[in-house]
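Colleague: Structure incoming, see below.
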Amino acid sequence: MLVQLGEVSVSSTTIHTPSGEIPLRGSQWTVSDQWHSQQRIPAWAVVCAVVGFFLVCFLSLLFLLAKETRYSGTVQVLITNGPRQYVIRIPVTDQRVVAHIHAQVNYARSLAAL
21 MLVQLGEVSV
31 SSTTIHTPSG
41 EIPLRGSQWT
51 VSDQWHSQQR
61 IPAWAVVCAV
71 VGFFLVCFLS
81 LLFLLAKETR
91 YSGTVQVLIT
101 NGPRQYVIRI
111 PVTDQRVVAH
121 IHAQVNYARS
131 LAAL
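Position one of the sequence shown corresponds to residue 21 (the numbering used here), numbered consecutively onward.
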């Protein structure tokens, strides 16, 4: 196998999906990002603010200004070749995972063009 995307694997001539095989040559690959980021106050900041409130009163509330960014969602990959199509939804929690999926799809596109 040359590429593995979720439950789909790609060999030199065939795309293997759970619903059957699709020829690699002439296949179209479409990627759409469906993920978002959220900023939250981390748990350690809340604990420090509560514990510190008894020691330094209002200065400990500055811990509540700390933020962390969390990513969640899915990346959807649509594979079509003639009348056959298959959709992969891959859960993501990091921007690096999204970039890796895009790189794998670009590699699969280059294989399909051969």
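Heads up, the beta-carbon is just placed ideally off N, CA and C, and yes, glycines get one too.
1. Just reading off the alpha helix (DSSP H) that Gly72 is part of, what are its end residues?
2. Where does the unbroken alpha helix (DSSP H) through Arg116 begin, and where does it stop?
3. With DSSP run on the structure shown, which of helix, strand or coil describes Leu25?
4. My guess is that Ala128 and Val30 are in contact by the Cβ rule of under 8 angstroms, so how many angstroms apart are they, rounded?
5. Pair every Cβ in the stretch 55-64 with every Cβ in the stretch 82-89, then say whether three or more of these pairs are closer than 8 angstroms.
6. Going by alpha carbons, who is nearest to Ala119 out of Ile99, Thr94 and Met21?
7. Using 8 angstroms as the threshold, is the stretch 36-53 in touch with the stretch 95-109, meaning 3 or more CB pairs across them?
8. Please list, in chain order, all residues of the same chain as Tyr9 whose beta carbon is under 7 angstroms from its beta carbon, the five residues on each side excluded.
9. Which class does Ser80 belong to by DSSP, given the choice of helix, strand or coil?
Modeller: Looking at the coordinates:
1. Ala63 to Val76
2. Gln115 to Ala133
3. strand
4. 5 angstroms
5. yes
6. Thr94
7. yes
8. Lying outside 21 to 134, the shown extent of the chain, residue 9 is not represented and no answer is given.
9. helix
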